[in-house]
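In the working numbering, the protein residues as written are 66 to 585.
Every residue gets a Cβ at the ideal spot worked out from N, C-alpha and C, and that includes glycine.
As the structure is a computational prediction, the values presented were derived from the model and not from experiment.
These notes are about the structure you will find just below.
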Amino acid sequence: MKRSMTYSKRTGLAVAATVLSLATSFPAFASAHTHTAHHASALRSSALSTLSIGLSADPPKLDPSLSSALVDRQVMVNIYDSLFTINAAGKLQNDLATGAVISKNGLTYTITLRKGVKFQDGTPFNATAVKFNLERDMLKISPRHSSLSLISKVTVDGPYKLTIQLSKPFSPLLNVLSGRAGMMVSPTAVKKEGANFLNHPVGTGPYEYVSRVIGSSITLVKNPHYWMKGLPHFQKVVYKIFTDPNVELLNLQSNEVQIIDTVPPQQIATLAKTPGYTVINKPSFGYQGVYLNVKAKPFTNLFVREAVNYAINRQALVNAVLKGSASPGYSPFGASSPAYRKAEDTPPNVNPAQIRALLKRGGEAHGFTFTMQTANSPINVQLAEVMQAMLQPYGIKMNIQQLDFGTLLNNSSDGNFQALALGWSGRLDPDQNIYSFYYTGAPLNSSNYSNPQVDALLNQARTVSNMTQRANLYERAVAIINHDSPYIFLYHPNNVLAFNSSIHGFNYVPDGLIRVATLS
Numbered sequence: 066m067k068r069s070m071t072y073s074k075r076t077g078l079a080v081a082a083t084v085l086s087l088a089t090s091f092p093a094f095a096s097a098h099t100h101t102a103h104h105a106s107a108l109r110s111s112a113l114s115t116l117s118i119g120l121s122a123d124p125p126k127l128d129p130s131l132s133s134a135l136v137d138r139q140v141m142v143n144i145y146d147s148l149f150t151i152n153a154a155g156k157l158q159n160d161l162a163t164g165a166v167i168s169k170n171g172l173t174y175t176i177t178l179r180k181g182v183k184f185q186d187g188t189p190f191n192a193t194a195v196k197f198n199l200e201r202d203m204l205k206i207s208p209r210h211s212s213l214s215l216i217s218k219v220t221v222d223g224p225y226k227l228t229i230q231l232s233k234p235f236s237p238l239l240n241v242l243s244g245r246a247g248m249m250v251s252p253t254a255v256k257k258e259g260a261n262f263l264n265h266p267v268g269t270g271p272y273e274y275v276s277r278v279i280g281s282s283i284t285l286v287k288n289p290h291y292w293m294k295g296l297p298h299f300q301k302v303v304y305k306i307f308t309d310p311n312v313e314l315l316n317l318q319s320n321e322v323q324i325i326d327t328v329p330p331q332q333i334a335t336l337a338k339t340p341g342y343t344v345i346n347k348p349s350f351g352y353q354g355v356y357l358n359v360k361a362k363p364f365t366n367l368f369v370r371e372a373v374n375y376a377i378n379r380q381a382l383v384n385a386v387l388k389g390s391a392s393p394g395y396s397p398f399g400a401s402s403p404a405y406r407k408a409e410d411t412p413p414n415v416n417p418a419q420i421r422a423l424l425k426r427g428g429e430a431h432g433f434t435f436t437m438q439t440a441n442s443p444i445n446v447q448l449a450e451v452m453q454a455m456l457q458p459y460g461i462k463m464n465i466q467q468l469d470f471g472t473l474l475n476n477s478s479d480g481n482f483q484a485l486a487l488g489w490s491g492r493l494d495p496d497q498n499i500y501s502f503y504y505t506g507a508p509l510n511s512s513n514y515s516n517p518q519v520d521a522l523l524n525q526a527r528t529v530s531n532m533t534q535r536a537n538l539y540e541r542a543v544a545i546i547n548h549d550s551p552y553i554f555l556y557h558p559n560n561v562l563a564f565n566s567s568i569h570g571f572n573y574v575p576d577g578l579i580r581v582a583t584l585s
């Protein structure tokens with residue numbers, strides 16, 4: 066669901082919905098012009114005390130140490146501050162950290178911290194708290210583990226200063242600390258709540274967690290002691306869950322919510338032209354595709370995996386379904402990534418003779434049957450049906466199993482699937498789009514994939530600071546991954562969201578997250 070239903074592992078396979086009966090599905094468009102003034106008036110009369118935001122999935126885990134879903138981050142970015150962040154230009158900048166000094170050999174990072182910041186439970190934010198957070202995320206139970214695996218020691222040098230010692234140079238580190246690994250949680254709250262912390266999150270951010278109704282809503286309230294003076298503006302933020310993007314859009318039009326995190330692709334252009342609404346539709350850092358479990362038949366067979374990989378026409382899928390909200394892809398790195406290479410990311414043409422030859426080599430000349438798990442939203446089901454039709458001419462029968470997003474994530478972690486549709490929302494540094502997914506034993510390696518050549522290339526890329534050199538290494542790794550076909554890269558989704566134009570102060574950041582603090 067989160068990819069228009071834009072998901073995220075990660076992001077469940079996000080394909081835009083093709084709505085056939087537009088006239089009946091979206092009756093509000095006919096009266097959108099006349100209702101605009103009413104909506105604006107309703108917002109003013111509410112004194113902007115409460116902001117309602119539509120989410121395309123129910124966030125599974127509001128603990129940055131355990132989270133792996135984009136929809137989690139949409140909420141967490143307003144509960145937690147991070148050590149570093151990225152700005153509207155996609156550049157790294159300080160947040161809770163005030164600076165970082167890197168030694169010449171790249172093994173020592175000295176980080177200074179912002180003073181006078183408190184967690185929402187009243188406890189102080191300081192270097193000791195940062196050490197606690199980093200060491201917690203370094204535990205193997207955390208999906209952050211592989212991103213922090215080169216940290217050998219964290220030392221507190223003073224109340225607002227600490228040193229991170231690495232076993233090898235790791236050029237992505239500061240970018241890693243702008244994501245979940247850099248989100249600071251209250252050590253006191255973690256010790257108090259234990260495993261239940263994900264249901265009682267406490268950070269230093271502009272909004273405090275109050276409550277949630279599973280499958281329905283999450284409520285936050287203004288942090289009165291937020292360190293950024295004058296922020297935030299809204300007294301309350303309510304996230305409302307809609308697993309159908311059509312329903313989410315209708316709730317925006319009826320002013321039940323003022324912001325939505327996805328728009329059905331067929332309606333993007335129409336909504337953008339409708340007075341009273343602002344639509345964002347920009348390339349993301351992410352990718353969408355399908356995991357093939359290399360330890361579960363039939364995908365223990367390399368030739369079978371390759372046949373499925375090569376049978377999908379990415380351009381046809383994007384043209385038919387995504388309607389300008391995505392681009393075909395064949396790698397973890399889209400055009401927004403510094404590691405992007407056009408040739409590497411261009412999908413191969415579908416060659417029926419090649420596909421049949423692969424099936425014959427794999428002992429499945431007449432085809433085979435498998436089940437693909439996908440999120441239970443109209444969008445994801447439609448994508449699955451398009452893939453199903455593309456495989457059918459080769460005798461490949463793909464059954465579709467619809468699951469709620471939380472179950473899909475659990476199955477991806479447990480290996481409980483043959484094929485599973487799930488993507489990744491992406492990060493600025495390319496390491497975070499590839500290492501945890503394709504390195505042997507990494508926490509998000511849902512395909513159970515292992516190739517020593519890929520491992521060596523990914524490790525080498527981590528030690529190099531020159532991006533051109535890193536991109537060369539990634540290009541070689543991706544070529545091997547696509548040959549081995551543990552994952553079917555399908556496309557790079559855009560960040561698509563919309564809001565009532567009466568909302569001011571929206572600052573778009575390339576990660577696509579809705580940061581509420583500046584909104585009014």
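Contact between the stretch 398 to 416 and the stretch 531 to 539 is established, with three or more Cβ pairs separated by less than 8 Å. Rounded to the nearest whole angstrom, the CA to CA distance from residue 371 to residue 275 is 48 Å. Judged by their CB atoms, residue 331 and residue 388 are nearer to each other than the 8 Å cut-off. Within the stretch 484 to 538, the runs of beta strand (DSSP E) that reach at least 3 residues and sit entirely inside it are, in chain order, 484 to 488. Taking C-beta separations shorter than 8 Å and ignoring five residues to either side along the sequence, the partners of residue 365 in its chain run 359, following chain order. In this structure, residue 451 lies near residue 382, with their beta-carbon atoms less than 8 Å apart. Under a 10 Å Cβ-count criterion, residue 438 is classified as buried, with 16 or more other Cβ atoms of the shown protein chains found around its own Cβ. Residue 390 is positioned such that its CB atom lies no closer than 8 Å to that of residue 575. Between the stretch 431 to 447 and the stretch 507 to 527, the count of Cβ pairs shorter than 8 Å is below three; the stretches do not touch. With a cutoff of 8 Å on beta-carbon distance, residue 399 and residue 488 are scored as not near each other. If you draw a 10 Å sphere on the C-beta of residue 180, you find fewer than 16 other C-beta atoms in it, and that means exposed. Fewer than three pairs of CB atoms, one per stretch, sit closer than 8 Å, so the stretch 471 to 478 makes no contact with the stretch 209 to 226. A straight-line Cα-Cα distance of about 15 Å links residue 297 and residue 268.
Nearest Cα to residue 258 within the set 348, 174, 186: 186.
Under the three-state reduction of DSSP output, residue 185 falls in the coil class, being neither helix nor strand. If you ignore the 5 residues before and after residue 246, its C-beta comes within less than 7 Å of the C-beta of 202, 209, 212, 213, all in its own chain and listed in chain order. The beta-carbon separation of residue 535 and residue 495, rounded to 7 Å, stays under the 8 Å limit for a contact. DSSP, read as helix, strand or coil, puts residue 151 in strand. For residue 331, the enclosing alpha helix (DSSP H) begins and ends at 330 to 338. Considered as a whole, the stretch 396 to 459 harbours 407 to 410, 417 to 426, 443 to 456 as its complete alpha helix (DSSP H) runs of no fewer than 4 residues, in chain order.
Cβ neighbours of residue 426 within its own chain (closer than 6 Å, five residues either side excluded): 368.
If you ignore the 5 residues before and after residue 145, its C-beta comes within less than 8 Å of the C-beta of 129, 248, 249, 250, 266, 268, 269, 270, all in its own chain and listed in chain order. Of the other Cβ atoms in all chains shown, fewer than 16 fall within 10 Å of the Cβ of residue 464; this residue is therefore exposed. Under the DSSP assignment, residue 558 falls in the beta strand (DSSP E) whose first and last residues are 552 to 565. Partner residues in the beta bridge of residue 164, as assigned by DSSP, are 177. DSSP places residue 201 inside the alpha helix (DSSP H), whose first and last residues are 192 to 202. Taking 8 Å as the cut-off, the Cβ atoms of residue 161 and residue 190 count as close. Nearest in C-alpha terms to residue 356, of all of 481, 200, 531, 577, is 481. Rounded to the nearest angstrom, the gap between the Cα atoms of residue 478 and residue 339 is 42 Å. Distances from the CA of residue 545 to each of 531, 568, 422, 518 were compared; the closest alpha carbon is that of 518. In terms of CA proximity to residue 253, 197 leads the group 197, 351, 569. In this structure, the alpha-carbon of residue 337 lies about 11 Å from that of residue 566.
In this model, residue 528 and residue 194 are separated by some 28 Å (Cα to Cα).
Setting aside the 5 residues that flank it on each side, residue 378 is surrounded in the same chain by 415, 455, each with a C-beta closer than 7 Å to its C-beta; the list follows chain order.
Assignment of residue 353 by DSSP, reduced to helix, strand and coil, places it in the strand class. Burial is judged here by how many other beta carbons sit within 10 angstroms of a residue's own beta carbon; residue 150 has at least 16 and is buried.
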